[in-house]
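So the sequence lines, in the order shown, correspond to chains D and F.
Heads up, the first sequence is in our numbering, so the first residue is 7 and it goes up one at a time.
Heads up, the second sequence is in our numbering, so the first residue is 106 and it goes up one at a time.
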Amino acid sequence: MKKIIIAEDSSVIQNLTKKILEIQNFSITSVKNGQEVLEKLDAEDYDLILMDINMPKMDGMECAKAIRKMTDPIKSKIPILAITGNAKNYSINDFKEVGINEYIPKPLNFDILVDKVKNYVSSDD
Amino acid sequence: MLNQGRTELLNEVEKLKSELKELHNKYDLLLESSASYFVIFEESEVIEFSPKAEEKFVFASDFSDKTIDELMPIYQVSGERSSKTWEENFKNARRSKSDSFEFEFLDKNGQSFATIASISKVKDERFLVHFDLVENTENLVSSANAITDSAPVFIKITNEKNEVTYFSKGWFDLLGSKDDKTYSEWMNNIHPDDLSAYSTTIDFSISKKKNFEYSYRIKDANGEYRWLLESGVPRYSKNKKFIGYASAAIDTTERKALEVESTRERAISESEHKIQESLDESEVVAMTTNVEGSITFCNNKLLDTLGLKKNNIVGSNLFDIFIPDASTKINQKKYEQIAVDGKYSGALAGKFFTKEKQDIYVRFNVVLLKDSFNEVSGINLIGENVTEQNKVKKQLEKSNAQLTELFDNSYDLIQTFDHDGVFQFVNQAWVEKLGYRDQLKDIRFKKLVHPKNWEQTVANLDKLIKGETIDRFETVFVSDMGKNIFVSGRVNCSFDINGNAQFRGIFYDITERIRAEKAQSLYYKIADFNIEGPQLEILYAKLFDELQGLLNIKNLSIDLNFTNKSNASAPYVRSEFNDPAQIENQKTINGLIAKLMNGETRQLIIYEEQIKEQVSKKNFKGDYPKVWLGVQITVGNSPIGLLSTHSYDDRSDFGAKDLELLYFIASQISLAIERKINEEKIVDQAARLKAIFESSSHQIWSVDDNYNLTSFNINHTKWMEDGFGIKTIMGKEYAKEKSKLTDSVNKFWEKKYNEAFKGKALNFQNEVKTKNGNTHWSEVFINPIIKEDGTIEEVSVISNDITEKKNAELALSESESKFREIFESIQDIYFRCDLNGKLLMVSPSAKESLGLLPEEVIGRNITHFFTSSESAETILRNLLKQHKFQNLEASFKTEDDEKIDFLCNVRVLFRNKQAVGFEGVARDISEIKRAYEELSKAKELAEKSLAIKESFLANMSHEIRTPMNGIIGMIDLIGSTDLNTEQMDYVKTIKKSSLTLMDILNDILDLSKIEAGKMELKERPISLMASFQRLYDLFSKEAIANNIYLNYNLDTETPSVILLDETRLLQVLSNLVSNAIKFSDGKGTIDISLMVKTVEDKKCTFKVQIKDEGIGIPKEQIKNLFINFNQLDNSSTKVYSGTGLGLAISKELVRSMGGEIGVVSTPGLGSTFWFTFQGQLLEEGSETNGSDLDEPMQITKEFVSVVPRILVVDDNKVNRTVASQILEKSGCDVKLAGSGLEAIEIVKENTLDLIFMDIQMPKMDGIQTMKNIRSLGIKNLPPIVAMTAYSMEDDREKFMSQGMDDYVAKPIRAVTIIEKVKEYIQYDSSVVAVTEQAESNTDLLINKETLDQLSKFGGPELLETVLSDFEIEANELIKNCMIHFADDQIEEIRKELHTLKGSAGTLGIEKLANYVIKLELQLKTADTTNLKPQLDTIQECFIEFKENYKNILQM
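And the structure:
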C-alpha cells in the first residue's frame, strides 16, 4: 500500500482528506506542520506528501525546501503536492522553486485531489 | 640444362670435398700418431676402434658399440687426478689437440693397463684418442718410466711452471715417500745451502729454455743428505711450445766421498753406460753416436727391428744406414754441427734399411751427451719405430693421387700451397683458368691474389691456421693474362709434422656471377637514380661511376640531338686522355663511328678492323679504338641521341653482354630524358593552370564521389573559413567538417554533385547564409571532370560571389514591381509630360476616372484635358521657376460636359540637372468636395442642436434631482421607522426604483457631460484586485439569484496598485456585467477576466473580457450597440429594462481611459464584451481604495459617547427633514435653518461641530450665507459642507474655491452624510453599535453539491464526521480571531481566517466562507475597516451553520 503524508493544520481537511484517500486504498499519515513531516520522513519512506502551505512552526514552502535538501536520494525526490488557499498569492514558479510538484487550490475539489494523487502514486489495487 | 648439370657437379664436388677433409683430418692424425692404438668416439660413443685397439677392448661378441666410459676404470689408479686429467685433455682436444698424457684404460678382461694417450678432434663432436701401451709395468706410467724406473738415474719430468709431473721410481725410493705430496714438497728435502742456488739455476734455465746441470744435496729417506747431479732438457710440444723439463739425476754421493778419484768424466761415462744398459732393456729404439755421427751404441730393440747385430752397426756412420726424411732436413754435416751448436730441436725422422731391404721408419729424439767440460761428447738418439704409420701414410698418398685425378677433372680451381705460398698442387681447371702453366713452381700464392684482396685473404688464412673455419672463402685471382677472376670456395688448413700449415683450396669461378650481380645492382641503382629524378648531368655522372665498377670503362660519350637542332649536343663525355689534341681525335672518330649507325641500327659493336674499313675514307689520322660500342637513346620511337664507349686497349674489353648493359643504360637515359621533357611540359602547364586557379576571384574546388575535397583554391579556403569556420583540407577530413553546415545545405550540394557525377554540367545561382547570418548569392558552375575513359571521379565547381549584383537585381526588380504596382493600382492619375505639356505617360487609372485609355491620352497636350483657373503658360512658368507646386486645382470636362474637379501635385523632372519635363498626380476631388460641403452644413446644425441638448439636460437633471432628493431621503427615513416585513419589502422596492432612476439620471448627465466634452477622470491609486472583488460583490448575489455563475479572474501580472478613476472603470464594468446578467436569461456562466496587455513607460494597458452564455447578439445589430439610446429590442413590449445608454457611455468612458470597446457574439451561444483601458503604474504600497461596504439600510446610532452638534440649512422642508432625521437617528444633535439669515442666527447662538449648507436658496444662497457666517469672526467656526443638487463632480471644486470646506451631493444618502459627520467629528470606533445586515444573504448555508461530491468519495457517514470536525475547529478558529482582535493581532486573525476559509470552502459552507474570504482579502492590505462587525457576522454565520447542518444532512 502506497504511503502518503498529509500535512495540514486544519484537522477538518486533514481528516477528510485522510478518509477519502484511505478509501482509495492509500496508507495515510497525518501531521500538523512541516516539522512533523520531516520527522516522519526521517523514520520511514513515503510515496507522496500532500502539504498545506499555511502551517504553524514550519510552513509548506520551508518544508518542501528542507525535503529537497535531504541527502537520501529517494526521500529527497518524493513528490510534493501543495494544497492551499494560496493566501500569499504564490505563483506556480514560486512553488516549483521550492520543489513542490503541483498545487491543488482550496477549497478542495476531491475529484481533482484524487486524480492528482493517483497521477503521482498509483494505489495498490 | 647445363647449369643444372653444373650445380649437381658442384654439389658432388662439395660432398667429396667434405669427405676429403674428414679423411685428411683423420689420417693426418693417424700419421702423426706414434702408436697404432686408437679409438674414435663421438660424444661418449665409440664409433671406431683401430684393429689393435679393438683387440685390446672388444670381445668377439660385443665388437659393436662401447662407450668411452666403459673403457675407463671407475677409479683411476692415481685417483681424482687422472679423472681430471681426462677432462682437461678432452677440453684441450676440443680446441686443437691434447698433449700426451698418462692414462689407464680397462681392457676386455677388466684389467687396467697404462697408456700414454692423446686426444684429437676429428671433426665436430668426433674425437680420436690414441695411445701407446705402457707395458711391463704394473701401474705406471710412461714408456720413459719403464726405462727410468729400472735405471740408476732419477728421472723427473716437470711442466713449464717447474711443477713435477713425473718422478721415476728411484725418486720415490730416494725420498722414502710415494704420495702426492712428494710432487709438491720434494724440494723441502734439498739442502738449505743448495736450495736457493738450485732454484735460481732452474728459473734461469726455464727463462732461457736451456738445458741445465746442477749438483745439490738432498735428504734421503734415512735423513741423510745425498749428492745429486741433475741435468735437464727442455721439452717441447708438437707445436713447439715449451712444456717443461725432463731431467735425470745421478747419485754422486759416493763420488763426492771419493773426492780424489772420481772425475766428472768418468761419472758421465758411467752414467752413459748405465743409460745404455737400461736402453737395451727398453722397448724404445735407441742408439748413440759420437759427434761425427759414428754409431757407438745401438740398443737391442733397434737391432731386433733392423735385424742387425750390434757389431754390424756400431762403428758405421749413422748416415750410411739411415736416410733422414725431407722434413727433417738433416745430413751428416748438419749432424756434426749439432755438437758444435750444443743443441738440436725437433725430432730426427728417417728410415733404415733392414736386412730384407724393408724400410723401417724411425723417429728419434735427440739427447746430447756432454763430457765433464760440458761439451757435447756424443748424441743419444731415443725414438720409436713408425714404419706402420708410414705405411698408412703411403696408402693415403695413394688415395690423394686418386683424388688429384678427380680434382683435375673438376671445374673447380683446386690448389694446395704451404704457408710460404708455394703451390704444391693445382688441378687442370686451375691452370686452364689462371694460366701460369710453366711458372707454377716459381710463383707464390701472393702473386695470384689481386693486391686489393690480399689483406683480407691473408686474414682469412690466419683464421684457418687458428682452427676456425670459413664457410665461403672469397677472393679475387689475377690470371697470367691480368684478368680478374672472382672466386669463392673452401680452404682447409692442416699442419705437417713440423707444424707448418698446409692449405688446400677449392674455388670456383664466380666472375660471371659477380658481374651479373654488379650489373643487376647497376640496374637497380640506375633505376633508383631515375626514380629520384636528379638532374640529367648528375645521372650521367652516376651512370659512369657505376659502369666503372663493372667494366673496364675509360671512355663514355652521350650525344643528344633530340631538339632536332642541327648541332648535336654532347652533354656528357668521359675520356681517358688529358691531351686536348687526343681528346679532339677521340671525339672525331667517335662521331664518325656514330654516323655509321643510321636510324635503324639500335645498337652496334664494332672492332678496330671494321672501323678502319668503314671510316678510313674519312682521312682520319688518330688512333682507332680496338672496340667500340654504341646504343641509341630513343624517346618514343625516334632516336634522339647516342650512348657510346670504346677501348683503345683490348678488343676483349667489351663484349656483347656489355652492349646489353649499355642498351639498358641508354634506355634509362631515354626514360630520364623523356621524363625531363614531360616534367618541363607539366611544370609549364601546371604553372599556367595554377595561375588561373589562384588568380581568379572565383572560388574553385573539386570533390570526389565521397564529396571530399580533391582540390581547391585560396578563395575557396577563405570563403569556407570566414563564412562557416570550416577548414578546407584535402580528403576525408572535409566530410567531418561538413557537420558545421546544416543538413539541408549538405543535401543541396550532394544533390548537385550527384547530378554532375551523372555527367551533367550545372549552372545555378545559390543563396548562402554564412555563420554570421549574412546572405550571399553566388553563381555556381558544376562540371563533371570526365576522364579519357569516360568515367567521372571528380566534379569541379566554380563559384562566383554575385551578392551585390543579385541584391541590386533584386532591389531593382522589387522597386520596379513596387512602382508598377503603385502605378497600376493608383487611384489618382499619374501623368508625365515633356516641357511642352505633351503627355508621355499616364496611369491606367485614367480610364476609371476619365474614361480615357492611356493610348487615347499619350501624345496629346495636357492642356487639352485639364483647365485651371490660371492659364497653362502661367502654370508652366511658375512650375519651371519653383520646380514643383502642390494642390493645384484643375478641372476636366467630360464628353457629357460634366466637370470633374482634380487636385494636382506637379514637379519638374530633371535629367542631368536639365529640366526635361514634369510629372504629377491628379486626384479626383469631386466627391470630397461635395461631402465637405454637406459636412459643413451638418456640423453647423449639430453644433446648434448639441448646445440646446446640453443645457436642456443640465436643467432637466437638476429639476429632476431635487424631487428625487426628497424621495430617496424619505425612503431612508421610512426604512428607519418600525416597519413590518411586508412594508420593509415595499420600502426596499421603492428605494431600488428610485436608485435606478437616479442611475438613469446620472447616465444621462454623464452622457451629456461626455458629449459636451466635460467628462474628466478623477484618478486615484487603486487596487484592481479590490475593484474586481467589489464588482463581484456587487453582482454575485444578483447572479446567483439569476442562477448564473459569476467568475472573475485577474492576470497574475496585474500590478497591485494603479492610478485610475475607479468609479469610471466600475461604471463600465458594472454596465457590461449587468448587461451580461440581464441577457443571460437565467442560465450559464459569466466569466470576467482582466489581462495585462502591455506595460510601457509606466503605463499599463489592460484588457477586460466579460463573457456570457446568454442570448447573444445578431451580427447586423452589433454596429448599433454602442450608439446612444439604443437598446437592441426596440419593440414596445420591452423585455429588458435599461436606458440603452450604458454601452454608449461605456464606449465614451473607455475611450477617455485610452481604450477601446467591442463585442464578439454568436446569437444563442452568448457574447463576449471586451474593452481595454490604460492605467498609470505606481509604487507598490500606495494607499488605495478600500472596500466599501454595502450601505446598510438601517441607520444605526453611530455616535454614543460624543453627540455631534450639527446645523442643516435648506430652504426645502423635505430635505431639511430627511437630513435631520438621518442625523438624529445616528445620534447627532441637529438644528435646522430654512434660510441663510436663519442659519446665521443659529451659528451666532450655538456651538456647532458641522454645518450642512444648501446652495440654491432664495434671497441668500448657500455661498453667500457661508461668506456671511465666516465674516462673523466666530472662533472655532465649524466646517461648512455644501449640499447641492448640482451634482456634477466639478461643482465641488467650484464650491471649495469659494470657501466651502466640503461638499455632498444631493439627494442626500444616509451613509454619505453620516460618513461626512464621522470625518469631521472626533469618532471612536470602539463604540460602534452592532450593525445588522439589512438584506438577507443569498449565499447557501451549505452547498449540497459539495456535500454530494464528498459523500461520493467518502460515503455519507464521512459527512457527519467531517462537519462535526469542522464545528470544533471553526469554533476554535473564531474564538482565536476574537482573542487576536482584542490583542490587535491583525495578521494572526488573517491566518485563522485563512484556515477557516479553506475548511469552510472545501466543505461547501458557502455563506460562512464568503464572509471569511472577504475579510481575509481585506486584511491582506491591513485594512481594518469594520473588522469587528465582520468578525461578528462571521461568528453569527457559524452559529447559524452549527444550528442547521445536522438538519441539512437529513435532507
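Ideal Cβ placement from N, Cα and C applies to all residues, glycine included.
Note that the structure is a prediction, hence the values are computed from the model and not measured.
Name the chain D residues that come within less than 8 Å of residue i, Cβ to Cβ?
i                : result
S844 of chain F  : Chain D residues near S844 of chain F: none, gap ~36 Å exceeds 8 Å.
E1474 of chain F : S16, S17 and V18
L1463 of chain F : L22, K25 and I26
T1067 of chain F : Those within 8 Å of T1067 of chain F in chain D number zero; the least Cβ separation is about 48 Å.
D1470 of chain F : S17, V18, N21 and L22
Classify residue i as helix, strand or coil using the three-state DSSP reduction.
i                : result
G1280 of chain F : strand
K865 of chain F  : coil
A995 of chain F  : strand
T1157 of chain F : coil
N395 of chain F  : strand
A699 of chain F  : helix
K25 of chain D   : helix
H235 of chain F  : strand
A1338 of chain F : strand
Q1326 of chain F : helix
H1499 of chain F : helix
P111 of chain D  : strand
Y96 of chain D   : coil
N301 of chain F  : With the sequence shown as reference, residue 301 of chain F is identified as Ser, and Asn is not the correct amino acid for it. Reduced to three states, the DSSP call for S301 of chain F is helix.
Below 8 Å on C-beta distance, what does residue i contact in chain F?
i              : result
I34 of chain D : Under the 8 Å cutoff, chain F gives no residues; its nearest Cβ is about 13 Å from I34 of chain D.
Just tell me which of the options has its CA closest to the CA of residue i.
i                : options                           : result
E436 of chain F  : F:S976, F:D409 and F:E397         : The residue asked about is misnamed: residue 436 of chain F is Asn in this sequence, not Glu. Cα-wise, what sits closest to N436 of chain F is F:E397.
K157 of chain F  : F:N416, F:V144 and F:V151         : F:V144
I1479 of chain F : F:G572, F:Q691 and F:L1520        : F:L1520
D278 of chain F  : F:D430, F:N495, F:G328 and F:L233 : F:G328
E1143 of chain F : F:P1268, F:L1100 and F:V1178      : F:V1178
D237 of chain F  : F:R231, F:S223 and F:I716         : F:S223
T263 of chain F  : F:F347, F:S976, F:L176 and F:I619 : F:F347
I1065 of chain F : F:R1035, F:L1100 and F:A1052      : F:L1100
List, in order along the chain, the chain F residues whose C-beta lies closer than 7 Å to that of residue i?
i               : result
K112 of chain D : G1503, G1506 and T1507
G91 of chain D  : H1499, K1502 and G1503
Using a C-beta to C-beta distance shorter than 9 Å, which residues of chain F count as neighbours of residue i?
i              : result
N60 of chain D : K1496, H1499, T1500 and G1503
Would the C-beta of residue i count as close to the ligand FAD, meaning under 7 Å from any of its heavy atoms?
i               : result
E192 of chain F : By its list of ligands, the structure shown contains no ligand whatsoever, and the ligand FAD lies outside what it can speak to.
Mind pulling the chain D residues with CB within less than 7 Å of residue i?
i                : result
T1157 of chain F : S97
T1168 of chain F : Neighbours of T1168 of chain F on chain D: none; closest Cβ ~26 Å, over 7 Å.
T1538 of chain F : What T1538 of chain F touches in chain D: nothing, since even the nearest Cβ is about 20 Å away.
- Message: Pairs of beta-carbons, one from the stretch 1191–1209 of chain F and one from the stretch 1151–1160 of chain F, closer than 8 Å: are there three or more?
- Response: At 8 Å Cβ cutoff, the stretches touch.
- What residues from the stretch 17–42 of chain D come within 7 Å of chain F, judged by C-beta to C-beta, listed N to C? Correct list: S17, V18, I19, N21, L22, K25, I26 and I29.
- Query: Three or more C-beta pairs closer than 8 Å, one from the stretch 654–669 of chain F and one from the stretch 742–758 of chain F: is that the case here?
  - Reply: In short, these stretches touch, since the Cβ pair count reaches three.
- May I ask you to list, following chain order, the residues of the stretch 55–83 of chain D that have a beta carbon less than 7 Å from some beta carbon of chain F? Within the stretch 55–83 of chain D, the residues whose Cβ lies closer than 7 Å to some Cβ of chain F are N60, listed in chain order.
- Message: Using a Cβ distance threshold of 8 Å, determine whether the stretch 882–899 of chain F contacts the stretch 922–933 of chain F, with at least three qualifying pairs required.
- Response: Because the criterion of three Cβ pairs below 8 Å is not met, the stretch 882–899 of chain F and the stretch 922–933 of chain F do not touch.
- Query: Is there contact here, the stretch 579–595 of chain F with the stretch 539–546 of chain F, by at least three beta-carbon pairs under 8 Å?
  - Reply: They touch, by the three-pair rule.
- Query: Any contact of the stretch 270–284 of chain F with the stretch 300–318 of chain F, i.e. 3+ C-beta pairs under 8 Å?
  - Reply: No, they do not touch.
- Contact the stretch 1527–1544 of chain F vs the stretch 1470–1488 of chain F: 3+ CB pairs below 8 Å: Between the stretch 1527–1544 of chain F and the stretch 1470–1488 of chain F, the count of Cβ pairs shorter than 8 Å is three or higher; the stretches touch.
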